[in-house]
């Protein structure tokens, strides 16, 4: 049997775990569409944290202890930059700097960001395709209660998610064009998975690229989303605080509402059984499971469950 | 007594040693005019090896074992770049990369290279002024016997000085403008010292900036050059091979001939006593000394001898 074409929409850490789970199966040909709206220029270098987390994770090079960045990392370059007066709240490591230097050089040369991401993934020995939703610059902007507009990294890293968020915008989104690779992957997919990533700042800026949501709606493949919430909390990141700040339900029900018209199924943790009635009423058809991915085995098991949900007749879509 | 204003023309390692020797004396206010013709872009970053060697040396941060680069250096960024397919014969360290990233960002912003070098030196706690002869891009080009034109780093690092050199050119030199700081330092100097650096590729591209040699000739301060040769060999670098390749005497006499019309005195090693008659006939007035600088004490002692040569009445210029 030919492998199933699985197209995963993924943010950073949670998305990378889901990607690793799917990549663990021989009957899957995985394509990941990542998020570029967390990208930002630091010290004149273009940093693409979510795409790099995918690359490092799928290459087995991720720092497992902290969940992001490269293993065996140093911070000597950053020490020099600090000595020279630079702001160094973004903890960029030396191995990581090598990638940012390379990316920046190629972008300056006029290479497509998609081509750079593809070549980097290949050089790292990554088998799944890592695609960008757009080659244009789209950047998340978060308006705080005190009226400041922050980039995602300013909010997430510099201010440690402390500010209350009133509004989220994606600069450049109106003019952004989808990459032909992302559109083709969605169209060709046998299964589309929305990773347990932040719906507001990881998945939304993928879906927001003009043409991407339309392609998803037109795609015939089943679409299965995985909740990033377990018992009202996220495993990592600020999705709970952000959703609450914006007056949304910060739990699996909030996610169910968000993906209602997009996903056919929503995979939810058993811990959220209490929300079953509301989710069944307001969201995509739920599937209950253990969704916490700690080990490689957890990731592969959850991925297999999603594959079975999509492709096993007994579990077929309604 | 006010400190004596000493203006040093210096290349990389040998120049930095002379700078350290002069900087060791409280009665010296040191200004160093460095060489930018070894500068080159690597991985999209602007690298300025001679200027950085001056900065690291005068900051006490130089790797004493190898004589260049920063102490306690790592090479993780370069490992990533290598993985990504980059040529990595230029062994750039992680701490060093931090400086190149900073410099490149400021140049891209339109900051003057001289201002960047000044600010970097200050941030590293360097007291002497490190000046650039020009803010324009001037680059050494070496034509080999097989007709190739190499940059200095390609010749020196990549090809380990193996090729025979037929011609040296400095691209951009015709259009280069001297910095006002360099001209002012030459004019204001109480003493001008030409460091024991490579005459062909370290000192020549400083002297070659239109206006610099004119300012030196017009300066009233005594001018003392130090031979980079000891007994027909250089302590470091390819000056001997290059001078021989070009049909020049590759020894103290060759240096004497070169600085004949520019320097008032030439400091030569006792090991070159045998050339005394020819040097006296063809070069600046010689002064014999021990010019090998191994320890900090050696550097300070040679510097003091040069200061005495310039400022002690008994040893005054003819």
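Residue numbers (the numbering used here), protein chains in the order written: chain C, 0 to 317; chain G, 0 to 317.
We treat Cβ as the ideally placed atom computed from N, Cα and C, and that holds for glycine.
Quiz item: Are there 16 or more other CB atoms within 10 angstroms of the CB of residue 174/C, so buried, or fewer, so exposed?
Solution: exposed
Self-check item: Same chain, Cβ closer than 7 Å to residue 207/C, five either side skipped, listed in chain order
Solution: 169 and 172
Quiz prompt | Contact with chain G by residue 44/C, beta-carbon distance below 8 Å | solution = yes
Exercise. With a 10 Å radius around its C-beta and 16 neighbouring C-beta atoms as the bar for buried, classify residue 104/C as buried or exposed.
Key: buried
Quiz item: Is the shortest distance between the beta-carbon of residue 93/C and the beta-carbons of chain G less than 8 Å?
Solution: yes
Quiz item: Taking the DSSP output, what are the residues bridged to residue 143/G?
Solution: 164/G
Quiz item: Taking DSSP as the reference, what is the three-state secondary structure of residue 212/G?
Solution: helix
Quiz item: Would a C-beta distance cut-off of 8 Å place residue 202/C and residue 193/C closer than the cut-off?
Solution: yes
Quiz item: Going by C-alpha distance, which of 9/C, 16/C, 18/C and 27/C is nearest residue 1/C?
Solution: 27/C
Quiz item: For residue 78/G, which of 20/C, 271/C and 72/C has the nearest alpha-carbon?
Solution: 72/C
Exercise. Using a Cβ-Cβ cut-off of less than 7 Å, give me the residues of the stretch 95-113 of chain G that come near chain C, in sequence order.
Key: 96, 97, 98, 100, 101, 103, 104 and 107
Quiz item: Hey, quick one: how far does the alpha helix (DSSP H) through residue 53/G stretch, first residue to last?
Solution: 48-57
Quiz item: What is the residue span of the beta strand (DSSP E) that residue 39/G lies within?
Solution: 39-41
Quiz item: Does any CB atom of chain C fall closer than 8 Å to the CB of residue 53/G?
Solution: no
Quiz item: Who are the Cβ neighbours of residue 96/G in its own chain at under 6 Å, not counting the five residues just before and after it?
Solution: 76
Quiz item: Which ranges does the alpha helix (DSSP H) cover as unbroken runs of at least 4 residues, wholly within the stretch 103-140 of chain C, from first to last along the chain?
Solution: 112-122
Practice problem: For residue 84/C, return the contacting residues in chain G, with the cut-off set at a CB-CB distance below 7 Å. | Solution: 122
Practice problem: Run down chain G in chain order and give the residues with a C-beta less than 8 Å from the C-beta of residue 39/C. | Solution: By Cβ distance, chain G contributes nothing, its closest Cβ being about 14 Å from residue 39/C, past 8 Å.
Quiz prompt | Inter-residue spacing [alpha-carbon to alpha-carbon] between residue 137/C and residue 215/G | solution = 54 Å
Quiz item: Excluding sequence positions up to five away, which residues of its chain have a Cβ less than 7 Å from the Cβ of residue 199/G?
Solution: 167, 238, 241 and 242
Quiz item: Which chain C residues sit within Cβ distance under 7 Å of residue 80/G?
Solution: 97, 100 and 101
Quiz item: How is residue 286/C classed by DSSP in three states: helix, strand or coil?
Solution: strand
Quiz item: Can you tell which of 298/C, 69/C, 141/C and 108/C has its C-alpha closest to the C-alpha of residue 90/C?
Solution: 69/C
Exercise. Can you tell me which of the three DSSP states residue 170/C falls into?
Key: strand
Practice problem: Go ahead and pull the three-state DSSP assignment for residue 314/C. | Solution: Low confidence applies here, because residue 314/C scores a pLDDT of 45, under 50, leaving its location unreliable; read the following figure in that light. Residue state, collapsed to three classes: helix.
Exercise. Give me the Cα-Cα distance between residue 84/G and residue 118/C, rounded to the nearest whole angstrom.
Key: 10 Å
Self-check item: DSSP three-state assignment for residue 95/G, whether helix, strand or coil
Solution: helix
Quiz prompt | C-alpha distance - residue 13/G paired with residue 195/G, whole-angstrom precision | solution = 6 Å
Quiz item: When the cut-off is 8 Å and only beta carbons count, does residue 128/C lie next to chain G?
Solution: no
Exercise. Starting from the Cα of residue 267/G, find the closest Cα among 246/G, 47/G, 289/G and 260/G and give me that residue.
Key: 289/G
Quiz item: What residues from chain C crowd round residue 72/G, counting only those whose CB sits closer than 8 Å?
Solution: 75
Quiz item: residue 15/C to residue 227/G, Cα distance in whole Å?
Solution: 57 Å
Quiz item: In terms of residue numbering, what span does the beta strand (DSSP E) encompassing residue 4/G cover?
Solution: 3-8
Quiz prompt | Residues of its chain near residue 186/C, where Cβ-Cβ distance is below 8 Å and the 5 sequence neighbours each way are ignored | solution = 214, 217 and 218
Quiz item: Closer than 8 Å, CB to CB, is residue 13/C near chain G or not?
Solution: no
Practice problem: Let me know the secondary structure DSSP gives residue 255/G once reduced to three states. | Solution: helix
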